[in-house]
Structures are given as structure tokens and as C-alpha cells.
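Chemist: For the protein sequence lines, the chains are W and U, in the order given. Oh and the first sequence: position 88 is 88 in our numbering, straight run, nothing missing. Oh and the second sequence: position 223 is 223 in our numbering, straight run, nothing missing. Backbone N, C-alpha and C fix where the C-beta goes; we use that ideal spot for every residue, glycine too. Next up is a structure, given as C-alpha cells.
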Amino acid sequence: MTIPELIQGLHKNDMEVKKYLFETYYGKLLAIVTRYSKSQAQAAEIFNVAFQNCLQKLSQQKNNQQLDIDSFLEKEIIKESISYIKNIRSEYYVASTVYATGKDNKNYDLFEPNELIDYYTIDNEVLIRSLHQLVPSQRLIFNLHVIEGYSIEESAQLLEASEQTVKSNLEKARFNLQKNIEKCLKQSKYEQSF
Amino acid sequence: MSSHFNYEIDEKNLRVKLKGMSYPYKEDAWKQFEAYSETFKSSYKKPTLPNFNLNINRNVILPVVFGAVIILFSMLLFNFVSIKNKPGEKAEKQKVAEPKITPPEIKIVPVKKEEDKKELITQDTATVITTPTVAVVIPTVQTNTVAVVPVNTVAATPTVAAPIGQWTTLEDGQIYESPNINSKVIGNASGGRTFNILEETNYFIKITYDKSGNTGYFRKAFASKNGSSSGTVSNTGGRKKNRKAEAMESISVPAALPTGSGSDEKEPELR
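Structural data, given as C-alpha cells:
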């Protein structure tokens, strides 16, 4: 299907067109939404809402042959995910005031000194689980800056926060993510031992 | 957070891993989405107005709002406090500053006809005034031929206005051109003569001293008003004061007059 046909089909609310787009972009877009959400269930919920809004915005686009639907849908789904999570005021507000709780020891001694973590071999599931354990504000900024590649300024604009807030949240996100990964690995090892 | 935190996560690798993630397609997911889109259709109303997505940061909105409030209040203050004068007010001020100079109005009383003048003839008059003149204040009619030297005794020209009174000279005196003893002497009047005066000042009376209608000023000190026993200014006691006052009458510049005895006929000099 060409882009003009897709846009026209969306205009007419053609379910076949919608299904085609759903099948094509479901896996990729769901993975993006999963990174931003706190659980799989929330990811599914966010995906339906965000994808519907993305299709609506796509239908409003002019018939442009040069339109890159992949990048357009990715950007729009990220924006929709961020707005959805920010609208959950109770979660988001509390998360912004949470400080990274790290031990006050000078030495980073979460693990035993002779055990090293190979971050290259960490499973995606562990990474996703670690991300879900982050507070929403830290999770959002980590996804935007580290994974999507947005700058601090762009991230601040998207999150409607100051750059200082974004930087502090990023620092906390990195610290907490590493801690979460190590916790998850420890837990998985413990589970495997049974 | 500890300053000795060792961040060991390779973010590049992490990015590649997570961006490359994908989930397999599920039919259940499509059914869920289909159901959701149906409910969305029923609840969603198409916006009548175009949707403007202004991605404005709050760091931009707050200064703009505060600036607008400050500008609004300053404009309100400028309206209350008039700093600049309006151009119309300046012109009005200039107009007001300029004094209005109007020429003095000269009233010209029309001369009555000859027939009316017959009524103006006094008791003492024997002759009738014929030639018309423009009366300034009061017209008079000469009664007798006055022995005035060197002016010819000619019948006085008729005047229009009614005489204000008759004066009789008590002694010989000079007739002046203007009500000032320092002015030019244009004639003399002998004592015992009666005149109908044209004008009266504080110390002079204006009389017509010849038939041609020439007028002059005679000092009140040497005359008395008919009907008054002593006259207004004929007292000898007041002559001293009157002479000085007569001299001062026409002098515009104030000057200290000599306080000598008034018996001598010397005229005070103008300074």
C-alpha cells in the first residue's frame, strides 16, 4: 500500500488499513511502549490508546509520498506514551520527589568483590524488568536520552521540565537502573538455583 | 547519591539491544485494539476547530505572562499620570497667554438737527446757536460777548449736550490749553464773567472763551459755581493745597512738590 492510499483509508476509517498498519508496526511499537510503562499490562493499555491517536494523526497528514511512516509512528507513540504516563498524576508526582536511595558507604559494595557483572550478556527481559522498577520520571528520561538519543534540551522540552531536573533525574536513573539490574540478576540466579 | 558511584552499564550496547527489541504479532491484541477503537468511535467527537499543538515550554510561558502583566500595569499608570501635554493643550495655552488687545472704542454721538437745538437755549442766551458740532460731553451756549484778549469775540459754536453748570469768575485769570498750569496759556478771562462749562475736572473747568468755539481750561480757584456761596475751590485757605494739586493733576510721574507758602504765584516746576 502506498502512503496516500493508507492516509485515504484512515480518513475513511477503513479497518483493513488499520489492521495492515497494526500488523506491520505492532511488535516494534509495543516494545517502545513497554520500555516506558511500569508493567506489561500497563504497556498493553498504553499501546491501544497511543496507537489509536497515532493513526488519527496520520490520517490528518497531507498526501505526502516522502512521509516516513516508521519514524512518524515511533515519534508519535513516544509522545503519546509520555503524555499518558504524565497524566497519571498520583504516580508521576510521587515519582518526581523520590530520591535515589543509595547506601552512604564510599565503596560500592552491593555485590561481593569477586563477582563481576557482564552487562553485555544481560538478558533483555532483565533490562526491561529493571526499567519497570524505576520511578516514572527517571524511566522516561532514561528512555529518551539514553535509548532514543534525545539531547537534554529536547528531553526537557518533551517532558516540560527544566534541564536541571532532567539532569538530576538522569543521574538517579542510571544509579537506580544499575542497582535494579544487579538485583534482578541476583534474583534470577536465586530462582535458577531451585 | 554517592560520589564514588561506578556506572558500569554500556549505554551503547544497551541502546542497540533495547531498540532492536520486537514482540510477535498477536491476534488477541488486534481484537483488543478493535474493541477499543469501536468504543473510541462512539465517544470521540470530531473537533470543529483545528487542533493546534503549541509545544511551548513553561520556561517560556511564565516570563511572557509576567511581562504582559507588567506592560499592562505600566500602560494603566501612564493613562492616569499625564506625562506629555497634548498638542491641543499647548496651542490653547499659547492662545490664552496672548493678551487680547482691543482698540479703544470711540463712541461717536450723532449730532442733532438744528431744530432740536433751539430747545437747548438757556435763559441767559440771547442768540441762537446755529452751526452744529459733535458734542463730546456737554453742550453749552454762550450768553454774553466775553472780553477775551486776543481772541475775537465770535458767537460760540453751538453744542449739543446740556450744560452741567454755570461758573462765574471771581478774578482775572489765565485760560490754559490743557488742565495744567504748566501748559500753554491761550487767553485771559476777566473777573465777574459767567460761563457754562463743558467739562469739569478736579481743579479746572473747560469753557468756551470765544465766539469761534475755542475752548480752554480755567482754574476753579479763581471761579465759583453759581448756586454755591463759597465755591468748591475758591477758599483762600485751600489755595495752597489746590495749587499743588493742580500741578500734580496732570503730572503722570510722581514727584515731590515743594512745600512752600501758596501765596506766591510761582508755578511748581516739573521734574
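#1: So, do the stretch 44-54 of chain W and the stretch 151-164 of chain W have three or more beta carbon pairs nearer to each other than 8 Å?
#2: Alpha carbon to alpha carbon, what distance is there between Ala41 (chain W) and Gln32 (chain U)?
#3: Output the distance between the C-alpha atoms of Arg174 (chain W) and Ile71 (chain U), rounded to the nearest integer angstrom.
#4: Determine contact between the stretch 16-24 of chain U and the stretch 22-34 of chain W, defined as no fewer than three beta-carbon pairs at a distance below 8 Å.
#5: If we count the other Cβ atoms within 10 Å of its Cβ and call it buried at 16 or more, is Val69 (chain U) buried or exposed?
#6: Using a C-beta cutoff of 9 Å, does Ser37 (chain U) count as contacting chain W?
#7: So is Phe33 (chain U) in contact with chain W if we call contact Cβ pairs under 9 Å?
#8: One question on the structure: do Tyr169 (chain W) and Ile141 (chain W) come within less than 9 Å of each other, judged by their Cβ atoms?
#9: Determine whether the Cβ of Tyr190 (chain W) lies closer than 9 Å to any Cβ atom of chain U.
#10: Does DSSP put Ser224 (chain U) in a helix, in a strand, or in coil?
#11: When DSSP builds the beta bridges, which residues end up paired with Asn6 (chain U)?
#12: Does DSSP classify Glu199 (chain U) as helix, strand or coil?
#13: When you compare only the Cα positions, how much space is there between Ser83 (chain W) and Gly149 (chain W)?
#14: Give the DSSP-derived three-state secondary structure of Leu177 (chain W) in the structure shown.
#15: Roughly how many whole angstroms lie between the Cα atoms of Ser190 (chain U) and Gly173 (chain U)?
#16: Could you have a look at Lys183 (chain W) and say whether DSSP puts it in helix, strand or coil?
#17: Which bits of chain U does Ile82 (chain W) rub up against, with CB to CB less than 8 Å?
#18: Quick one: does Ser59 (chain W) have its CB under 9 Å from some CB of chain U?
#19: 9 Å is my cut-off, CB to CB: does Leu77 (chain U) come that close to chain W?
#20: Do Lys62 (chain W) and Ile7 (chain W) have their C-beta atoms within less than 9 Å of each other?
#21: From Phe80 (chain U) to Ser162 (chain W), what does the alpha carbon distance come to, in whole angstroms?
#22: Compare the C-beta of Asp14 (chain W) with all C-beta atoms of chain U and state if any pair is closer than 9 Å.
#23: Given that a residue counts as buried once 16 or more other Cβ atoms are within 10 Å of its Cβ, and exposed if not, what is Asp70 (chain W)?
#24: Strictly under 9 Å for the Cβ-Cβ distance: is Phe22 (chain W) near chain U by that measure?
#25: Pick helix, strand or coil for Thr168 (chain U), following the three-state DSSP scheme.
#26: Taking the alpha helix (DSSP H) that Asn53 (chain W) falls in, what are its first and last residues?
Modeler: Reading it off the structure:
#1: no
#2: Looking up residue 32 (chain U) in the second sequence gives position 32. Looking up residue 41 (chain W) in the first sequence gives position 41. Taking the straight line from one Cα to the other gives about 13 Å.
#3: If you number the first sequence from 1, residue 174 (chain W) lands on position 174. If you number the second sequence from 1, residue 71 (chain U) lands on position 71. About 45 Å.
#4: yes
#5: Numbered from its first residue, the second sequence carries residue 69 (chain U) at position 69. Exposed, by the Cβ-count rule.
#6: Position 37 of the second sequence, counting from 1, holds the residue named residue 37 (chain U). Yes, its Cβ sits closer than 9 Å to a Cβ of chain W.
#7: As a working mapping, residue 33 (chain U) is identified with position 33 in the second sequence. Interface residue, yes.
#8: Within the first sequence, numbered from 1, the residue matching residue 169 (chain W) stands at position 169. Within the first sequence, numbered from 1, the residue matching residue 141 (chain W) stands at position 141. With the sequence shown as reference, residue 169 (chain W) is identified as Asn, and Tyr is not the correct amino acid for it. In contact: Asn169 (chain W) and Ile141 (chain W) (Cβ atoms closer than 9 Å).
#9: For the purposes of this step, residue 190 (chain W) is identified with residue 190 of the first sequence, where counting begins at 1. It does not: the Cβ of Tyr190 (chain W) has no partner Cβ on chain U nearer than 9 Å.
#10: As a working mapping, residue 224 (chain U) is identified with position 224 in the second sequence. Strand, per DSSP.
#11: Along the second sequence, read from residue 1 onward, the residue named residue 6 (chain U) stands at position 6. In DSSP, Asn6 (chain U) forms no bridge with anything.
#12: As a position in the second sequence, residue 199 (chain U) is number 199, starting the count at 1. In the structure shown, Glu199 (chain U) sits in a strand (DSSP, three-state: E or B).
#13: Sequence index remark: in the first sequence, residue 83 (chain W) carries index 83 (1-based). Sequence index remark: in the first sequence, residue 149 (chain W) carries index 149 (1-based). Cα-Cα distance, rounded: 19 Å.
#14: Start at 1 with the first residue of the first sequence, and residue 177 (chain W) comes out as number 177. Correct three-state label for Leu177 (chain W): helix.
#15: Here residue 190 (chain U) refers to the residue found at position 190 when the second sequence is read from its first residue. Here residue 173 (chain U) refers to the residue found at position 173 when the second sequence is read from its first residue. Straight-line Cα distance between these residues: approximately 6 Å.
#16: Counted from its first residue, the first sequence places residue 183 (chain W) at position 183. DSSP places Lys183 (chain W) in helix when its eight states are reduced to three.
#17: The count along the first sequence starts at 1 and reaches residue 82 (chain W) at position 82. Simply none; closest approach about 12 Å.
#18: In the first sequence, residue 59 (chain W) corresponds to position 59, counting from 1. It does not; no Cβ of chain U falls within 9 Å.
#19: Taking the first residue of the second sequence as position 1, residue 77 (chain U) is located at position 77. Closer than 9 Å: no.
#20: Counted from its first residue, the first sequence places residue 62 (chain W) at position 62. Counted from its first residue, the first sequence places residue 7 (chain W) at position 7. Contact flag set, yes.
#21: Locating residue 80 (chain U) in the second sequence gives position 80, where the first residue counts as 1. Locating residue 162 (chain W) in the first sequence gives position 162, where the first residue counts as 1. Straight-line Cα distance between these residues: approximately 40 Å.
#22: What you label residue 14 (chain W) is simply residue 14 of the first sequence in a count that begins at 1. Taking Cβ atoms only, chain U never reaches closer than 9 Å to Asp14 (chain W), which makes this a no.
#23: In the first sequence, the residue the question calls residue 70 (chain W) occupies position 70. The residue in question, Asp70 (chain W), is exposed, as its Cβ has fewer than 16 Cβ neighbours within 10 Å.
#24: On the first sequence, position 22 is the one that residue 22 (chain W) refers to. Closer than 9 Å to some Cβ of chain U, the Cβ of Phe22 (chain W) qualifies, so yes.
#25: Position 168 of the second sequence, counted from the start, is the residue given in the question as residue 168 (chain U). Strand.
#26: As a position in the first sequence, residue 53 (chain W) is number 53, starting the count at 1. Taken as a continuous stretch (DSSP letters only), the alpha helix (DSSP H) holding Asn53 (chain W) covers 40-59.
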